[in-house]
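K.L.:
Residue numbers (this note's numbering), protein chains in the order written: chain A, 1 to 408; chain B, 1001 to 1408; chain C, 2001 to 2408; chain D, 3001 to 3408.
Just so you know, even glycine gets a beta-carbon here, dropped at the ideal spot from N, CA and C.
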């Protein structure tokens, strides 16, 4: 049997535990197999054209700054109801995170209780790679993918060390503090040709894009497009179609889970807000003068985050109108199926020999990775078309998951 | 100078007066030229590819059941502010509606004060044609288009008389009461090869589609997609892209203008609700079990209609979530620019030799005209693509508005 | 030990099962004792002044048109979560409804599967009384109260038979179909001096008020003020205080439980809407020209009903403003604690020798019972003051629950 | 004819110009006399009991940091429509502000273009008093009232200089920078026994309360309760009545007028947020763990501010529910009539010999002035009762406005 390993940065987080518990529940038929673009059982629009790894053949592992096993972690996040978690308790209890690579300055509101015992960048990267190698051997994996589901890192401007692979390598040697934990994980993944998905908010790092291209590794990111921004990129497309001019867009959202707490730290908040705010102008074709995004930590809600948007538009003859949108959603429930889709699509991309930034996966991200000088596509429906076109182009090659991999 | 005549059924209505006053204001530079897909001045996405009739060369005229001139009518509708209307008062006062073709049974809450003096269908159709001929001669028009902006007619099931042109002609001879005023106008338009746009809610009448095809006349309808349904067909596309399952969609909307009063009559309400309710399932690919649309007449608002939607969705692992949308809009402000776009695109279609239903104009309608057995496309972004494809296909032919028309 | 019997019409309904399961859960300390005005444990504002029957000393029983025991019924209503119900399963399973008095014409969307085997009014009333007598004897009850929690009955105009006790008695003899099941229950209660609470929407019946006064029985009703109307009578008081003029109030609400299904029937819907619509004008002191209330059955929500209100107000210098309120609530969760308060307060009223309509309980009702010619107080805060004043007046008498009763 | 002078700090602001223009429009019958508790013409609840100064007999004047006359200022604020302002243009143009007392450190986002030429506290206070004296003489005024409608001052902790009149006087001598402009105005008012209303957010200053008591001057404040907080203190009272436990209250509001711009400065924002946040706990009787208030400057709206609230409540058996409130209002339209009521009620209080803090006026304020150690009443309906009780108590004395004054 062919098998795919999925190594997760932030294994014990809300998105990760929800996804893994969800997969286990789907495998047992305890919840419906819905919400994914790549799931055959749900008559999915892509599955007929490409072979995706079945849920049955995925092996999960990963790192976390907390040592709790995934049953404990999932219970604490309060996303899936306790009686559902009880049904897959044994499987979740077996999953215990590896110690994480961690830097306090990138994670102000977080405590690193369970971190690797080495402090030098190169040593940490070695440890990351060793874990992946070990996992591959233990389970006889045909391929491994890495997904970063960790909390948002504090904002920093890109500097010279991020601009070329040479500079980056030198920075690693010198333990440059500007190389964040997320960058060390991605560097390790590229070295092993392990496709990488950055689901946490993060800027595109040119040095690491260069590394991915040179190594022949497909990468995708950043910042899963789940709640408010998802709606924004659909509604903005509607305003564009009807040529209703957006005068202002005022967005607030609040959540009470760990991600929310991390976002209370001004640095992380800036990273996130910048990621959320960039989407509008490129869809509309002009600069929206008053676009505000505010994120607040609000404890009573836990993972059940909520967004409220007020949009001021101007129509025919200059007449003003308004729209309000209130989205009562679950952060992790929206994110988990995207992660499964991304894992499968990155694996296919790898098989197809794709390398560097996978633009066709922009559909899943708030801030799609973008080479310098390029503007990302944010319009949800143009993103969808990009993915469908890519699938069509690669469908012709017709190689299926288990067969091809086995023969290689 | 080449000129386009636009004859409007419901000339004194809120949409019509807003559009005509808006055109006059734009011509004088008193309001911005925004909100139209076909307006060169707003960097429109279509204008570079096709030549559209300039606003300067349109001549408006039409029918109404009320005799008021368009300044009086516009003042009463309270859509554009009085000081704006004052600036174009003289032009609007010159526009006085012709008496309308009217049947009380299709317009329960409306009084026909200003109607044609003849009662037989054939005579009424003759009068409609005579008005158009007269207008064409008086202004030396190169082409005429007809737009139906009248209030919603009461619901009736299609019967045999509507199913073939022969039956319809016989029905006209017999003054069949199932042939509504709107059908008589469309019949007259087809006879004269005057492109027709049905902007009021109405079913597709196979007999009249057949007539349009045989006569070589392009037609488009029905029911302008303006407020709540516009948003619905954008958000449903978003739910489709993310495979969030729609469990229920509860829509209310209220307005206080004449259209709202007409919709208080159960028959008209049914026509409108049916038009609004059909859009969801074809976008999503499954039947939404609980889709409700309620329309209420609520006087304090006048033309400023408002919609509120509650949507229940099911995500990953079967977890329920909710969205609420509150759209505070102006019915006529949303509709007026669509009518201008439709006039221009129908004129181009006529020049290109198109006939029958113009599917590429589905973008503008809640219930696009559809041949028997076909399902219309409701997804806003697929509709947009259909229009862009059509423009691209016809752009090659490169004939522009005044020149071609002059030489014909 | 002194004991209070509570006999419930609609024992298996959502409100009743929620209340009884809630009492059992509170007795076991499994849920907090919150939400009641009369509960000592929650530092309540009334408990220090009067002695109320402790939850421990209440015995529940009652009638229902469905035969299911209360555990089955509660599970089906999906108000309290299954794991909470499991904790009190044994107690709930012991509670099985008596067959109900039922008339199909008052309950269009309901099936009467479990009804008394006699059809004559007088016989039915005898059976009701026999059940109460039997319960009293079996449990050695010190007092009994009756609460009507059945579904809304279809609307009917009051007629002569309802206007005096003599006419009503004659109507009973003649099996007059205008005497609804709810009236037969209340008649039986009055005969036995069993205080009666009408929590379902119903008009005040003068004949039965007369009977209550003559018999010395306190009664209170009608239609529990729980969700949208509760908010309305608070906000209207606010608009009154600030002299913001209400131009229109547009209310929709939807729910998916049995009560919602019953309200789909036009007759019941009318009863409910009339009950909801009457509250505004008396608070504001003028007639609101545009007050609309729409209720819809919307299945995805079950008991989790939702209300949306749009309010148009006019302020200083005639300037218009708007407010929107969206209440996501649980019908039975809001209603259950009011029922407990009403039971306790009616019992105290009985001990105090009160008879007829208990105006001080208006706080709990959408349509407080009102003698002919009187206008009820709807302002939530004036209603609160009425109750506080009554409590103060009766506090002086200082008789407590168990002691007094025991000695009687 | 008896006359009342009203001197306004912030004469050119949005609230002030709206109020004064509104008074002029009401005097001419061009807008209805609504929205005030004290206006006889609107069947007001207080007017029958006390005599209030008629609008006809009020003379307005005041200070502002901008030199524009009130017609220019009102036009710029865009609260009342231009055609209404045109009708009272002449009157408004005659009203030109006096130069203001100003300190940049209390008004970060504001420019003081039009300020008094003296810098020492004592000199500024002299100038304030001179203006009032001059106005009184010029118009033969019977009485003068001062209202502070200036923008929010930056937050500062109270220090020793504020705690006693002696310390305050010493601080004045030493030009202590902790004595803000608002305090200098109030000090001047007290010295002249000119009743003072602090409508801008500000803490209670014990030294000035002491001064008011000793001088025999009635004062009232602070921070007009207009939009979101008004609604909050009504809904919180509702939750209290129904014993629905508030778990969290998340409030955002945005506005685009000058007040909004001032509130962008962190110091002023803090003053305002503190004023808004204090109201909840005292109404509910417990501490709400998660109460957040966020204020943002959002340009597209101008004076049309908007509030959105999410409230998480817990009901019977611990079940959670939610409410959302969206208030689309006009800041100055809500504030203006309160100012008129306050002017009139303070004048009556003065006639009645009241001195110091006027608690009966709490109804109008977010943060009612409170002596040390006292908790203010925030419940809107208890505040109303306090006012009604006070009116009742003073009604007996029966002295009317023009008569008494004339005879004095």
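Does the CB of residue 369 of chain A have a neighbour CB from chain D at under 8 Å?
P.N.:
So, not an interface residue.
K.L.:
Does the beta-carbon of residue 39 of chain A have 16 or more other beta-carbons within 10 angstroms, so that it is buried, or is it exposed?
P.N.:
That one is buried.
K.L.:
For residue 2017 of chain C, count neighbouring Cβ atoms within 10 angstroms of its own Cβ and tell me buried if that reaches 16, exposed if not.
P.N.:
Buried, by the Cβ-count rule.
K.L.:
Closer than 8 Å, CB to CB, is residue 331 of chain A near chain D or not?
P.N.:
So, not an interface residue.
K.L.:
Whole angstroms are fine: how far does the CA of residue 2294 of chain C sit from the CA of residue 3088 of chain D?
P.N.:
Distance between the alpha carbons of residue 3088 of chain D and residue 2294 of chain C: 44 Å.
K.L.:
Is there a C-beta anywhere in chain D that falls below 8 Å from the one on residue 247 of chain A?
P.N.:
Closer than 8 Å: yes.
K.L.:
Using a Cβ-Cβ cutoff of 7 Å, what residues of the segment 292 to 309 of chain A are near chain D? List them in chain order.
P.N.:
Residues 292, 294, 296, 298, 299, 300, 306, 308.
K.L.:
Using a C-beta to C-beta distance shorter than 7 Å, which residues of chain B count as neighbours of residue 242 of chain A?
P.N.:
By Cβ distance, chain B contributes 1230.
K.L.:
Rounded to a whole number of angstroms, what is the C-alpha to C-alpha distance between residue 354 of chain A and residue 217 of chain A?
P.N.:
Using only the alpha carbons, I get a separation of about 7 Å.
K.L.:
Indicate whether residue 2190 of chain C and residue 2156 of chain C have their beta-carbon atoms separated by less than 8 Å.
P.N.:
It is not a contact, given that the beta carbons lie outside the stated cut-off.
K.L.:
With DSSP as the reference, label residue 2267 of chain C as helix, strand or coil.
P.N.:
Reduced to three states, the DSSP call for residue 2267 of chain C is helix.
K.L.:
Going by beta-carbon coordinates alone, are residue 1366 of chain B and residue 1288 of chain B separated by less than 8 Å?
P.N.:
Not a contact, by the Cβ cut-off of 8 Å.
K.L.:
First and last residue of the beta strand (DSSP E) that includes residue 292 of chain A?
P.N.:
Where residue 292 of chain A is concerned, the enclosing beta strand (DSSP E) stretches over 290 to 297.
K.L.:
Just to confirm the assignment, what range does the beta strand (DSSP E) spanning residue 2232 of chain C have?
P.N.:
Careful: residue 2232 of chain C lies outside any beta strand (DSSP E), inside the alpha helix (DSSP H) at 2228 to 2242.
K.L.:
Just list the alpha helix (DSSP H) runs in the segment 3027 to 3096 of chain D, keeping only unbroken ones of 4 residues or longer that don't cross its boundaries, in chain order.
P.N.:
Fully enclosed alpha helix (DSSP H) runs of 4 or longer: 3070 to 3077, 3082 to 3087, 3089 to 3094.
K.L.:
Based on Cα-Cα distance, which residue from D:3015, D:3361, D:3389 lies nearest to residue 3376 of chain D?
P.N.:
When only C-alpha atoms are compared, the closest one is D:3361.
K.L.:
Would you mind listing the alpha helix (DSSP H) stretches within the segment 2138 to 2217 of chain C that are 4+ residues and don't spill past its ends, in chain order?
P.N.:
Qualifying alpha helix (DSSP H) stretches, in chain order: 2165 to 2173, 2181 to 2191, 2206 to 2215.
K.L.:
Leaving out five residues on either side along the sequence, give the residues of the same chain with a beta carbon under 7 Å from the beta carbon of residue 129 of chain A.
P.N.:
So the list reads 188, 191, 192, once near-sequence residues are dropped.
K.L.:
Unbroken alpha helix (DSSP H) runs of length 4 or more, entirely within the segment 1283 to 1358 of chain B: which are they?
P.N.:
Runs found: 1331 to 1351.
K.L.:
Roughly how many angstroms lie between the CA atoms of residue 1368 of chain B and residue 1223 of chain B, to the nearest whole one?
P.N.:
For residue 1368 of chain B and residue 1223 of chain B, the distance between alpha carbons rounds to 8 Å.
K.L.:
Only counting the same chain, and skipping five residues up and downstream in sequence, which positions put a Cβ closer than 6 Å to that of residue 3264 of chain D?
P.N.:
Closer than 6 Å at Cβ, skipping near neighbours: 3109, 3297.
K.L.:
Anything in chain A within Cβ reach of residue 1040 of chain B, meaning under 8 Å, just list it in chain order.
P.N.:
Correct list: empty, because the minimum Cβ distance to chain A is about 13 Å.
K.L.:
Would DSSP call residue 109 of chain A helix, strand or coil?
P.N.:
Coil, per DSSP.
K.L.:
Taking the alpha-carbon of residue 2391 of chain C as reference, which of C:2371, C:2352, C:2378, C:2379 has the nearest alpha-carbon?
P.N.:
Closest by alpha carbon: C:2352.
K.L.:
Can the beta-carbon of residue 1307 of chain B be found closer than 8 Å to that of residue 1227 of chain B?
P.N.:
Going by C-beta atoms, residue 1307 of chain B is nearer than 8 Å to residue 1227 of chain B.
K.L.:
Which residues in the same chain have their Cβ closer than 8 Å to the Cβ of residue 231 of chain A, if we skip the five residues on either side of it in sequence?
P.N.:
For residue 231 of chain A, where only same-chain residues beyond five positions count, the Cβ hits under 8 Å are 307, 309, 325, 327.
K.L.:
Name the chain B residues that come within less than 8 Å of residue 95 of chain A, Cβ to Cβ?
P.N.:
Within 8 Å Cβ-Cβ: nothing; residue 95 of chain A doesn't reach chain B, min ~17 Å.
K.L.:
Would you list the residues sitting across from residue 367 of chain A in a DSSP beta bridge?
P.N.:
Residue 367 of chain A is not bridged to any residue.
K.L.:
Output, in chain order, the set of chain B residues within a Cβ distance shorter than 9 Å of residue 2252 of chain C.
P.N.:
Going along chain B in sequence order, the residues near residue 2252 of chain C (Cβ under 9 Å) are 1250, 1252, 1294, 1296, 1308.
K.L.:
Quick check on this structure: which residue in C:2020, C:2079, C:2046, C:2072 has the alpha carbon closest to the alpha carbon of residue 2058 of chain C?
P.N.:
Cα-wise, what sits closest to residue 2058 of chain C is C:2020.
K.L.:
Tell me, to the nearest whole angstrom, how far the beta carbon of residue 1033 of chain B is from that of residue 1041 of chain B; I am working on the premise that it is less than 8 Å.
P.N.:
Confirmed, Cβ separation roughly 4 Å.
K.L.:
Based on the DSSP secondary-structure assignment, which residues constitute the bridge partners of residue 254 of chain A?
P.N.:
According to DSSP, residue 254 of chain A bridges with A:296, A:306.
K.L.:
Examine chain D for any beta-carbon lying closer than 8 Å to the beta-carbon of residue 2404 of chain C, and answer yes or no.
P.N.:
Its pLDDT being 44, under 50, residue 2404 of chain C is placed unreliably by the model, and the measurement read from it follows with that caveat. It does not; no Cβ of chain D falls within 8 Å.
K.L.:
Within 10 angstroms of the Cβ of residue 2395 of chain C, are there 16 or more other Cβ atoms? Answer buried if so, exposed if not.
P.N.:
Residue 2395 of chain C comes out exposed.
K.L.:
Using 10 angstroms around the beta-carbon of residue 2159 of chain C, count the other beta-carbons present and answer buried if the total reaches 16, otherwise exposed.
P.N.:
By the neighbour-count rule (16 or more Cβ atoms within 10 Å), residue 2159 of chain C is not buried but exposed.
K.L.:
Between residue 316 of chain A and residue 1363 of chain B, what straight-line distance do the alpha-carbon atoms span, to the nearest angstrom?
P.N.:
Computed Cα separation, rounded: 18 Å.
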